[in-house]
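Trainee: Take a look at the following structure, please.
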Amino acid sequence: QLAWLSSVAILNGAIWRLLLGVLADRIGGKRVTVVMLLLTAIPSYLLAHMTLNYHWLLTLAFFVGFAGNLFSVGIAWNSHWFPRERQGFALGVFGAGNVGASATKFIGPAVISATIGTSYIGGIIPGGWRFVPALYAVLLVLTAVAIIFLTPADSINIQPSRPLREMFAPLKYMQVWRFSFYYVIVFGAYVALASWMPKYYVSVYGLNLHDAALLTALFIFPASLLRPLGGYLSDKIGARRLMYATFISMLVSLALLAAPFGYIVLNTPEGAKSVLPYHLGVFPFTIILFVVGCSMGIGKAAVFKHIPEYFPHDVGAVGGLVGTLGALGGFLLPPFFVSMRGLTGLPQSTFIVLFLLTLVATLWMHYVIVKMLHQASPDLEHRIDYHPLQTNGA
Numbered sequence: 003q004l005a006w007l008s009s010v011a012i013l014n015g016a017i018w019r020l021l022l023g024v025l026a027d028r029i030g031g032k033r034v035t036v037v038m039l040l041l042t043a044i045p046s047y048l049l050a051h052m053t054l055n056y057h058w059l060l061t062l063a064f065f066v067g068f069a070g071n072l073f074s075v076g077i078a079w080n081s082h083w084f085p086r087e088r089q090g091f092a093l094g095v096f097g098a099g100n101v102g103a104s105a106t107k108f109i110g111p112a113v114i115s116a117t118i119g120t121s122y123i124g125g126i127i128p129g130g131w132r133f134v135p136a137l138y139a140v141l142l143v144l145t146a147v148a149i150i151f152l153t154p155a156d157s158i159n160i161q162p163s164r165p166l167r168e169m170f171a172p173l174k175y176m177q178v179w180r181f182s183f184y185y186v187i188v189f190g191a192y193v194a195l196a197s198w199m200p201k202y203y204v205s206v207y208g209l210n211l212h213d214a215a216l217l218t219a220l221f222i223f224p225a226s227l228l229r230p231l232g233g234y235l236s237d238k239i240g241a242r243r244l245m246y247a248t249f250i251s252m253l254v255s256l257a258l259l260a261a262p263f264g265y266i267v268l269n270t271p272e273g274a275k276s277v278l279p280y281h282l283g284v285f286p287f288t289i290i291l292f293v294v295g296c297s298m299g300i301g302k303a304a305v306f307k308h309i310p311e312y313f314p315h316d317v318g319a320v321g322g323l324v325g326t327l328g329a330l331g332g333f334l335l336p337p338f339f340v341s342m343r344g345l346t347g348l349p350q351s352t353f354i355v356l357f358l359l360t361l362v363a364t365l366w367m368h369y370v371i372v373k374m375l376h377q378a379s380p381d382l383e384h385r386i387d388y389h390p391l392q393t394n395g396a
């Protein structure tokens with residue numbers, strides 16, 4: 003039941019990203035953002051004050067998750083305000099806000115414990131677990147008011163009269179779906195691992211839930227906070243180079259994490275055997291997982307740097323689809339992890355799945371890039387070695 007509460011919120015935070023991204027391109031991100039914040043405040047406030055059974059709790063959790071769709075709106079809105087050479091960093095800073103979803107996992111329990119039996123602002127904010135959704139509703143309203151009065155008007159780049167068919171046209175390009183697959187790797191897998199790793203630490207290493215959550219935080223926070231760095235590097239060296247670095251780093255790290263615990267048997271020429279146990283301890287495991295988190299954080303920014311470069315007039319539609327499929331990856335991967343563990347009996351099968359997905363993304367990306375380079379320089383297509391012409395002994 004607890005799993006379903008978070009799952010329905012994640013699901014509703016994904017399925018509207020495409021439509022809302024297009025709407026932001028059409029009427030402006032500021033308007034859409036304000037309306038979304040105020041709409042989400044309603045179920046959040048009801049969650050704090052209604053007498054609830056499980057079905058009502060599930061329903062309100064679903065509607066509270068609507069705020070997750072704000073990401074595609076913000077991407078479209080922000081990209082209109084920055085020149086191409088600064089869009090990567092700007093979108094990275096905006097995207098780093100998703101660290102809040104992780105921070106609440108650690109702040110929430112402490113806040114709940116500290117507010118039991120109390121209420122605030124004349125009962126508008128009750129204590130205990132209801133304090134969290136009530137405070138969230140208040141913050142949503144305050145944020146909407148701040149956006150109305152403190153942010154500039156929507157950019158002149160909005161397209162209110164553009165036909166919807168034309169706005170959805172970029173979705174027919176395979177390039178858009180390729181970017182979406184990249185985002186499943188760097189964001190969908192991040193969301194999945196953020197919820198999966200506490201259970202992994204408990205079952206594989208025998209840690210208590212508190213310590214497991216703290217170690218998981220070492221993966222969660224760099225995967226969010228390094229997004230501005232990823233945006234900055236994308237502006238400086240290009241998103242394509244950064245995606246290569248991201249995927250290669252992830253492949254090496256995931257290969258180490260995917261190795262099952264067991265024994266390595268060495269046979270000597272004299273017929274003797276040496277048995278070496280292989281067991282990745284909790285400390286090296288956490289360090290490698292930290293590297294995966296850093297790679298994902300940088301890679302998320304690199305993926306979204308592609309979008310305004312390739313589709314400057316369709317950031318909402320393309321960013322919406324990419325964000326939708328990435329978020330759905332976070333929804334679908336944990337059940338797949340469970341199935342693979344049951345099928346193989348290996349807890350490391352989680353990382354085998356992610357390694358294979360990352361490998362497919364890397365090979366697909368490399369194939370497309372090589373094909374593009376060959377189209378740009380057809381004379382080099384069938385040559386392995388390339389020696390530029392030299393003159394005057396230079």
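Numbering of the sequence shown is given in our numbering, commencing with residue 3 and proceeding in unit increments. Cβ atoms here follow ideal geometry from the backbone N, Cα and C, with glycine treated the same way.
1) For Lys307, report the span of its alpha helix (DSSP H) as first-last.
2) I need the straight-line Cα distance from Leu327 to Leu173, nearest angstrom please.
3) Just the Cα atoms here: how many angstroms apart are Val284 and Ile290?
4) Check the DSSP bridge columns for Ser121 and list the partner residues they point to.
5) Which parts of the segment 64-98 are runs of the alpha helix (DSSP H), unbroken and 4 residues or longer, counting only runs that do not cross its ends?
6) Skipping 5 residues on each side, what residues in its chain have a beta carbon closer than 7 angstroms to that of Pro45?
7) What residues in its chain sit with their C-beta under 6 angstroms from that of Gln392, if we drop five residues either side in the sequence?
8) Taking Cβ to Cβ, would you say Gly233 is nearer than 9 angstroms to Val75?
9) Roughly how many angstroms separate the alpha carbons of Phe91 and Leu235, rounded to a whole number?
10) Do Ala191 and Pro200 have their C-beta atoms within less than 9 angstroms of each other?
11) Among the residues of its own chain, which have a CB less than 8 angstroms from the CB of Ala396, if the five just before and after it don't count?
12) As a quick exercise: from Ile12, Ser251, Ala26, Leu13, pick the residue whose alpha carbon is nearest that of Val400.
13) Report the start-end ranges of each alpha helix (DSSP H) in the segment 29-55 that is 4 residues or longer and not cut off at the edges.
14) So for Trp198, helix, strand or coil by DSSP?
15) For Ser255, I'd like the list of residues in its chain whose CB is within less than 6 angstroms of its CB, leaving aside the five on either flank, ordered along the chain.
16) Report the CB separation of Gln47 from Ala136 in whole angstroms; it is logged as a contact under 8 angstroms.
17) Determine the contact status of Ser297 and Ala247, defining contact as a CB-CB distance below 9 angstroms.
18) If we count the other Cβ atoms within 10 Å of its Cβ and call it buried at 16 or more, is His82 buried or exposed?
19) Measure from the C-beta of Leu253 to each C-beta in chain B and report whether the shortest distance is under 9 angstroms.
20) Start and end of the alpha helix (DSSP H) containing Tyr369?
21) Are the Cβ atoms of Gly301 and Met245 separated by less than 9 angstroms?
22) Report yes or no: do the segment 136-148 and the segment 34-43 share at least 3 C-beta pairs separated by less than 8 angstroms?
23) When you compare each of Pro336, Leu365, Val355 to Ser9 by their alpha carbons, which one comes out closest?
24) Just the Cα atoms here: how many angstroms apart are Leu60 and Phe68?
25) If you draw a straight line from the C-alpha of Arg19 to the C-alpha of Pro128, how long is it?
26) Which residues in the same chain as Ala378 place their Cβ atom closer than 8 angstroms to its Cβ, once the five residues preceding and following it in sequence are excluded?
27) What's the C-alpha gap between Val95 and Tyr185?
28) Taking only the alpha-carbon atoms, compute the straight-line gap between Leu361 and Asn55 and give it to the nearest angstrom.
29) Between Val370 and Phe181, what straight-line distance do the alpha-carbon atoms span, to the nearest angstrom?
30) What does the alpha-carbon distance come out to for the pair Tyr207 and Arg86?
Mentor: If we stick to the structure as given:
1) 284-312
2) 13 angstroms
3) 10 angstroms
4) Pro128
5) 72-81, 86-97
6) Leu62, Phe65, Val66
7) With a pLDDT of 47 at Gln392, under the threshold of 50, the modelled position of this residue cannot be trusted; read the value that follows with caution. Excluding sequence neighbours, Gln392 sits near nothing in its chain.
8) no
9) 8 angstroms
10) no
11) Interpretation of Ala396 is limited by its pLDDT of 38, a score under 50 that renders its predicted location unreliable; the figure taken from the coordinates is listed afterwards. Excluding positions up to five away in sequence, the list is empty.
12) Examination of residue 400 is not possible in this model, given that the chain is present from 3 through 396 alone.
13) 31-51
14) helix
15) Ile290, Val293, Val294
16) Note that residue 47 is Tyr in the sequence shown here, rather than Gln. Yes, they are in contact, since the Cβ atoms of Tyr47 and Ala136 sit about 7 angstroms apart, within 8 angstroms.
17) yes
18) buried
19) Any reference to chain B falls outside this structure, which holds one protein chain only.
20) 351-378
21) yes
22) yes
23) Pro336
24) 13 angstroms
25) 32 angstroms
26) none
27) 17 angstroms
28) 45 angstroms
29) 12 angstroms
30) 46 angstroms
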